[in-house]
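Q: Input: one structure, supplied below.
Number of protein chains: 2
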Amino acid sequence: MRITVIGLGLIGGSIAKDLRKSKFANHIIGVDNNIEHANQALKIKLVDEIESLEAAVKKADLVILTIPVNKIKELLPTVLDNINEGTTVTDMGSTKKDIVDSIKDHPKRRNYIAAHPMSGTENSGPDAALEGLFREKIAIICDHEDSGPQHLALIEKMFQVLGMDIAYMSADEQDHSTAFISHLPHAAAYALANAVQDKEDRSIIFDLASGGFRSTVRLAKSTPTMWGPIFQQNKDYIVESLEVYIKHLNELKESIEHDEEKMYALMNNASKIRSILGGENPSLIKNEEKIVKFYTK
Amino acid sequence: MRITVIGLGLIGGSIAKDLRKSKFANHIIGVDNNIEHANQALKIKLVDEIESLEAAVKKADLVILTIPVNKIKELLPTVLDNINEGTTVTDMGSTKKDIVDSIKDHPKRRNYIAAHPMSGTENSGPDAALEGLFREKIAIICDHEDSGPQHLALIEKMFQVLGMDIAYMSADEQDHSTAFISHLPHAAAYALANAVQDKEDRSIIFDLASGGFRSTVRLAKSTPTMWGPIFQQNKDYIVESLEVYIKHLNELKESIEHDEEKMYALMNNASKIRSILGGENPSLIKNEEKIVKFYTK
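Residue numbers (our numbering), protein chains in the order written: chain A, 1 to 297; chain B, 1001 to 1297.
Written as C-alpha cells, this is what we have:
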C-alpha cells in the first residue's frame, strides 16, 4: 500500500517507521513544508520520496496528516479535494471537533476518519521519531458513523498494526476528555515552569531540581507550535479544565493554611490515583462496551 | 562504623544499602515503630539488628533519622539526649527551619547536621529501597556553622559515599527553594489528580491516560503520611509557591481565552526550561561559590 504522510515530525516519522517495518506500507511518500525536515526524513529513510502536497495525495491509497491542528484544519479540505475516489484520509491531531466541523459537508467526508492516537514525547522533528511509540497505547476514533466502513476498517487495521487499542466516541466527547487527561497537564506544566522561573534566586533552584520536578515540567518542553493551536481549538474545554484545576489548587492551599484534617482528606483522595493508574484496577477491561481491544502484543 | 537508621522506609533503606555496600557502615541498627517494616528490613538484610530507640542510639557512631518531618521534630531532642558524647546525628527531612529551631538550644546541637538529600520515588516502605538512589543528586546541608567540624566532615563524607554533590545554605533558604522545586510539584500533582477525578465520566478518562498524564500525576501517588507534615512545616513558603503558580495558571488561562499572542509568549518562556534543565546550561558549574562538588562518579 502507498501511504502519504503529511508532516514528518515525531508522530509522522514514528508512524512511518512502524508501518514500513510491519509491511502495512510498501511505499511512503513524505510531504513537509520544512525543507530540512523533508531532507532529513529522506536521508534517514523514514520516507521513500518527497513530493508536493497535490502530487503526493494523488498517488496514495492512504493519506495521514501529522501536522499541528490548525494546519490540519487548513489543509484537510484541499487534501479531500485532490484524492482519488477510493483513497482514505486520516489525521492524528489532538483536537477533533473543530476539524470534523470544517469538512462536515465535504463530498468526500466519508473517505475521512477523525483519529487521535494518545502517545507522544516532548521532542519534535524527524530525528525524534521512535519505533513502537504507539504500542499498548489507545487510539481514539471519532464520529465513526460519518465514515465509510471500508475506510474505517483500514484505519482500525492501521492502529492494530501500531499495537494500539481503539476507543470510539464523538468528537465532542474526545475533546472534553482529552482536555482533562492531556491538554490540562501540558498547560499545568507550562505554568509551573513559568512559576519557578519567577523566583528570584533561580540559579540555585535549577541546581536543586530533582526527579519530581523534572518529571512534572517535562511536558513544558513541548513545542508551542504544536500545543498553541491545540489550546486554541479546544479553548472551551481547556479553560473549563483549568478552572476545575485552579479550584482544587485553591482548596488544597486553603486546607494547608487552615484545615489540616481536610488537607489529609484531599491528599488521600488524590493518592487513590495510584490504584486507578497502577493497573490494580484496570478499567479498560470493565468498559468493554466502550473500548474494543483489537490487539495486544 | 556503627550506624543507626531510624525509619526503615524508602530513604532509610536506600541509605542503608549504599552505606553497607561501600563499607562506610560495617554494622547497621534499625529502629522502626512499624513492626512489619522492621521485620521486613531485617529479613532482606537492610539492617543487622532491630533495637529500641534508646538502645540503638547509645550503640551508634552515627544516627540517621529518615522518618516524616513531624516525627523528626518530635524525636530529635530525645535522640540528642541519649547519644554518647562523640556521636553524630543527622536527618533526611525535606524541611529544615522548624526542625533546627526546635533544638537550637540543645546542649548537643553541634552533634547535629541538618541535611536534605534531594532524591526519592513515589514508593514507600523497606521494599521500595533502591541501590544508588542518591547518585548524582544534590544533598543540602543547612546552617553548617552551627555544627561541629568533625560532625560536619563525617556527614560530608557520607554524602560523597552516596555519590552526591553538596549545597550549603541556611535552613530558611532551603525551605524556600525546596518549596518551589519539590513541594509545589507535589501539591500540583495532588490537585491535578483530584481535578481529573472530578470529571463525571471518569472511567473513560483513565483508560485514555497517556504518558504525559501519568508522569504529571506520578507524584500524587506519594504517601500523605510523609507529605502532609512537610506541607504543614513549610506552610508559609508552600502557600507562597502555590499563589505564584495559581497566578501563572490564571494568566495562561486568560491568554488562551483572549490573547493568543500572549499565550505564545507564555508558552515560549516556559519551554526555556528545556535548555535550563537539559544540561545545555549547567548552572551547577557556574555556582562554584555555592556548590562544592565533592564527588563525581
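Beta carbons: idealized from backbone N, C-alpha and C, even for Gly. Keep in mind it's a predicted model, so treat the numbers as computed, not measured.
(1) Between Met164 of chain A and chain B, is there a C-beta pair that is closer than 8 Å?
(2) For His1186 of chain B, which option in B:Tyr1245, B:Cys1142, B:Ile1141, B:Glu1156 has the closest C-alpha, if you only look at C-alpha atoms?
(3) If I measure Cβ to Cβ from Ile256 of chain A and keep anything under 7 Å in the same chain, skipping five residues before and after, which residues do I get?
(4) Taking Cβ positions only, does Glu74 of chain A come closer than 8 Å to chain B?
(5) Using three-state DSSP, classify Lys1044 of chain B as helix, strand or coil.
(6) Does Lys17 of chain A have its Cβ less than 8 Å from a Cβ in chain B?
(7) Of the residues B:Ala1060, B:Ser1094, B:Glu1051, B:Asp1061, which one's Cα is nearest the Cα of Asn1070 of chain B?
(8) Using a Cβ cut-off of 8 Å (strictly closer), state whether Ala1270 of chain B contacts chain A.
(9) May I have the straight-line CA-CA distance separating Ile3 of chain A from Val31 of chain A, to the nearest angstrom?
(10) Which chain A residues are close to Gln1160 of chain B, counting only those with a beta carbon under 8 Å from its beta carbon?
(11) Thinking Ala1139 of chain B and His1116 of chain B are a contact (beta carbons under 8 Å), I'd like their distance in whole angstroms, please.
(12) Does His258 of chain A come out as helix, strand or coil in the three-state DSSP assignment?
(13) Run through chain A and tell me which residues come within less than 8 Å of Ala1139 of chain B, C-beta to C-beta.
(14) Provide the residue span of the beta strand (DSSP E) that contains Ala115 of chain A, from first to last.
(15) Is Leu1154 of chain B close to chain A, meaning its C-beta is less than 8 Å from at least one C-beta of that chain?
(16) Ordered along the chain, which non-local residues of its own chain (more than five positions away) have a Cβ less than 7 Å from that of Lys96 of chain A?
(17) Kindly provide the ranges of any alpha helix (DSSP H) runs that are 4 or more residues long and lie completely inside the region 1049-1081 of chain B, ordered along the chain.
(18) Start and end of the alpha helix (DSSP H) containing Asp175 of chain A?
(19) If I follow the unbroken beta strand (DSSP E) through Ala1220 of chain B, where does it start and stop?
(20) From the beta carbon of Ile1273 of chain B, is the nearest beta carbon of chain A less than 8 Å away?
(21) Where DSSP assigns a beta bridge to Gly1030 of chain B, which residues make up the other side?
(22) Along chain A, which residues have their Cβ under 9 Å away from the Cβ of Gln1232 of chain B?
(23) By the DSSP assignment, the beta strand (DSSP E) with Ala16 of chain A in it spans what residues?
(24) Taking DSSP's pairing of strands, which residues face Tyr168 of chain A in a bridge?
(25) Cβ of Asp1127 of chain B less than 8 Å from any chain A Cβ?
(26) Under 7 Å between beta-carbons, which chain A residues line up against Ser1014 of chain B? List them in chain order, please.
(27) When you compare the CB of Glu1280 of chain B with every CB in chain A, is at least one pair closer than 8 Å?
(28) Closer than 8 Å, CB to CB, is His248 of chain A near chain B or not?
(29) Measuring only between beta-carbons, confirm whether Lys199 of chain A sits less than 8 Å from chain B.
(30) What would DSSP say about Thr87 of chain A, mapped onto helix, strand or coil?
(31) When we look at the beta-carbon of Gln233 of chain A and count the other beta-carbons within 10 Å, is it buried (16 or more) or exposed?
(32) For Pro126 of chain A, which option in A:Asp236, A:Ala179, A:Leu42 has the closest C-alpha, if you only look at C-alpha atoms?
(33) Report the rounded CA-to-CA distance for Gly1132 of chain B versus Met1092 of chain B, giving the unit in angstroms.
(34) List the residues of chain A that Lys1235 of chain B touches, going by C-beta distances under 7 Å, in chain order.
(35) Going by C-alpha to C-alpha distance, which of B:Asp1105, B:Ser1102, B:Asn1111, B:Ile1064 sits closest to Gly1087 of chain B?
A: In this structure, then:
(1) Within the first sequence, residue 164 of chain A is the residue found at index 164, counting from 1. With 8 Å as the cut-off, Met164 of chain A does not count as an interface residue toward chain B.
(2) Position 186 of the second sequence holds residue 1186 of chain B. When each option's Cα is compared against that of His1186 of chain B, the closest is B:Tyr1245.
(3) By one-based count along the first sequence, residue 256 of chain A stands at place 256. Only Met263 meet the Cβ criterion.
(4) Taking the first residue of the first sequence as position 1, residue 74 of chain A is located at position 74. No, Glu74 of chain A does not count as interfacial toward chain B.
(5) Indexing the second sequence from 1 puts residue 1044 of chain B at position 44. Looking at the sequence itself, residue 1044 of chain B is Ile, so the reference to Lys does not match. Three-state DSSP puts Ile1044 of chain B in coil, outside helix and strand.
(6) Start at 1 with the first residue of the first sequence, and residue 17 of chain A comes out as number 17. No, no contact with chain B.
(7) Here residue 1070 of chain B is taken as the residue at index 70 of the second sequence, counted from 1. Comparing Cα-Cα distances from Asn1070 of chain B to each of B:Ala1060, B:Ser1094, B:Glu1051, B:Asp1061, the minimum goes to B:Ser1094.
(8) Locating residue 1270 of chain B in the second sequence gives position 270, where the first residue counts as 1. It does; some Cβ of chain A falls within 8 Å.
(9) As a working note, residue 3 of chain A is residue 3 in the first sequence. As a working note, residue 31 of chain A is residue 31 in the first sequence. Answer to the nearest angstrom: the Cα atoms are 11 Å apart.
(10) Taking the second sequence and counting its residues from 1, one reaches residue 1160 of chain B at position 160. Within 8 Å Cβ-Cβ: nothing; Gln1160 of chain B doesn't reach chain A, min ~17 Å.
(11) Residue numbering aside, residue 1139 of chain B sits at position 139 when the second sequence is read from its first letter. Residue numbering aside, residue 1116 of chain B sits at position 116 when the second sequence is read from its first letter. That pair is a contact at about 7 Å.
(12) Counted from its first residue, the first sequence places residue 258 of chain A at position 258. Reduced to three states, the DSSP call for His258 of chain A is helix.
(13) The sequence position of residue 1139 of chain B within the second sequence is 139, counting from 1. Correct list: empty, because the minimum Cβ distance to chain A is about 10 Å.
(14) For this step, residue 115 of chain A is matched to residue 115 along the first sequence. Per DSSP, Ala115 of chain A belongs to the beta strand (DSSP E) from 112-117.
(15) Here residue 1154 of chain B refers to the residue found at position 154 when the second sequence is read from its first residue. Not an interface residue.
(16) Within the first sequence, numbered from 1, the residue matching residue 96 of chain A stands at position 96. Same-chain partners within the cutoff: Ala114, His116, Cys142, Ala171, Gln174, Asp175.
(17) Those alpha helix (DSSP H) runs which fall completely within the region 1049-1081 of chain B and span 4+ residues are 1053-1058.
(18) Stepping through the first sequence from its first residue, residue 175 of chain A is reached at position 175. That run of the alpha helix (DSSP H) goes 171-178.
(19) The count along the second sequence starts at 1 and reaches residue 1220 of chain B at position 220. Run containing Ala1220 of chain B: none; DSSP gives neither H nor E here.
(20) Walking along the second sequence from the start, residue 1273 of chain B turns up at place 273. Ile1273 of chain B counts as touching chain A.
(21) As a working note, residue 1030 of chain B is residue 30 in the second sequence. BP columns for Gly1030 of chain B point to B:Val1005, B:Ile1050.
(22) Taking the second sequence and counting its residues from 1, one reaches residue 1232 of chain B at position 232. Residues of chain A passing the Cβ test: Ile256, Glu260, Met263.
(23) As a first step, residue 16 of chain A is located in the first sequence; it is residue number 16 there, counting from the start. No beta strand (DSSP E) holds Ala16 of chain A; the alpha helix (DSSP H) holding it covers 10-21.
(24) Working through the first sequence from its first residue, we reach residue 168 of chain A at position 168. Answer by DSSP bridge pairing, in chain order: A:Ile141.
(25) Translated into the one-based positions of the second sequence, residue 1127 of chain B becomes position 127. Asp1127 of chain B does not count as touching chain A.
(26) The count along the second sequence starts at 1 and reaches residue 1014 of chain B at position 14. Those do not exist, as Ser1014 of chain B stays about 13 Å from chain A at its closest Cβ, beyond 7 Å.
(27) Against the second sequence, residue 1280 of chain B aligns to sequence position 280. Any reading at Glu1280 of chain B needs caution, since the residue's pLDDT is 37, under 50, leaving its predicted position unreliable; the model's value is listed next. Cβ-Cβ to chain A under 8 Å: no for Glu1280 of chain B.
(28) The sequence position of residue 248 of chain A within the first sequence is 248, counting from 1. Yes, because at least one Cβ of chain B sits closer than 8 Å to the Cβ of His248 of chain A.
(29) Looking up residue 199 of chain A in the first sequence gives position 199. Cβ-Cβ to chain B under 8 Å: yes for Lys199 of chain A.
(30) The sequence position of residue 87 of chain A within the first sequence is 87, counting from 1. In this structure, Thr87 of chain A counts as coil in the three-state DSSP scheme.
(31) By one-based count along the first sequence, residue 233 of chain A stands at place 233. By the 10 Å Cβ count, Gln233 of chain A comes out buried.
(32) If you number the first sequence from 1, residue 126 of chain A lands on position 126. Out of A:Asp236, A:Ala179, A:Leu42, A:Leu42 has the C-alpha closest to the C-alpha of Pro126 of chain A.
(33) As a position in the second sequence, residue 1132 of chain B is number 132, starting the count at 1. As a position in the second sequence, residue 1092 of chain B is number 92, starting the count at 1. Taking the straight line joining both Cα atoms gives about 16 Å.
(34) Here residue 1235 of chain B refers to the residue found at position 235 when the second sequence is read from its first residue. By Cβ distance, chain A contributes Ile256, Glu257.
(35) Residue numbering aside, residue 1087 of chain B sits at position 87 when the second sequence is read from its first letter. First, the residue type needs correcting, since residue 1087 of chain B is Thr and not Gly in the sequence shown. Here the closest residue by C-alpha is B:Asn1111.
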